[in-house]
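**Q** Residue numbers (our numbering): 106 to 316.
(1) Considering just the uninterrupted stretch of the alpha helix (DSSP H) at residue 243, what are its terminal residues?
(2) What would DSSP say about residue 270, mapped onto helix, strand or coil?
(3) Nearest to residue 184 by CA position, among 155, 219, 167, is which residue?
(4) Within this structure, are the beta carbons of residue 211 and residue 283 separated by less than 7 Å?
(5) Going by DSSP, what residues sit across from residue 190 in a beta bridge?
(6) Is it the case that the stretch 141-156 contacts the stretch 207-222, given that we only count it when at least three CB pairs across the two stretches are under 8 Å?
(7) Note down, in chain order, each residue of its chain lying with its Cβ closer than 6 Å to the Cβ of residue 177, except the 5 sequence neighbours on either side.
(8) State the DSSP-derived secondary structure class of residue 122, mapped to helix, strand or coil.
(9) Among 243, 247, 289, 235, whose alpha-carbon lies nearest the alpha-carbon of residue 268?
(10) Can you list, in chain order, the residues of its chain whose CB lies under 6 Å from that of residue 119, leaving out five sequence neighbours each side?
(11) Would you kindly work out how many angstroms separate the C-alpha atoms of residue 174 and residue 303, rounded to a whole number?
(12) Quickly, what does DSSP pair residue 219 with across the bridge? List them, please.
(13) Exposed or buried, which one is residue 249 when buried takes at least 16 other CB atoms within 10 Å?
(14) For residue 337, list the residues DSSP reports as bridge partners.
(15) If the criterion is Cβ atoms closer than 7 Å, does the pair residue 278 and residue 256 meet it?
(16) Let me make sure I understand the geometry here. Which of 117, 308, 251 has the alpha-carbon closest to that of residue 157?
(17) Going by DSSP, which residues form a beta bridge with residue 228?
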């Protein structure tokens, strides 16, 4: 087991639970997740920068959740030189329902810029830099432009974005959209479910990397 880094206490409770639930990940998903583990591990062993861009159509929910969890997992398992980004095939806004669901599991998220596409500061540890989250296209100048892993988090983006310019690896790790439950009695439950599923899988990915 890798030496573990510190996280904020409320988030640590969530991580403890999720890392005890790896057996809930189906075997076919584990095979898919291994593609991401292998990509990260290969670059880690050669001391290269590891850039991951999590891509969904609107960059509003799943791609943000996956980016934040992956950066957290890399820190927690002491996988250095990892930079996680997110983007969409178009820009909208980081959905407040997704923001709330991430806060509920222990992430420290505060809005630092208002507007139609607000900016949020996301923190998961006092020992790690904050993540500035807002919706943008995957090829935004703030994102890595070459030699990155493109992680397609929704099937629509995977189907409709056949080429991700600059990506050296493309992996489709797609998730159901909690947006389907917006405005229903299952809304909070489904957002919580998706946050935990993505968190469990990103933690699984980085837990398999030997340091």
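From the three backbone atoms N, C-alpha and C, an ideal C-beta is built for every residue, glycine too. Note that the coordinates shown come from a computational prediction; the quantities given were computed from them, not determined experimentally.
**A** Taking the definition as stated:
(1) Premise fails: residue 243 is in no alpha helix (DSSP H) and is neither H nor E.
(2) coil
(3) 155
(4) no
(5) 158
(6) no
(7) 229
(8) helix
(9) 243
(10) 210, 211
(11) 7 Å
(12) Residue 219 is not bridged to any residue.
(13) buried
(14) In the structure displayed, the chain extends from 106 to 316; residue 337 sits before or after that span and is not available.
(15) yes
(16) 251
(17) 213
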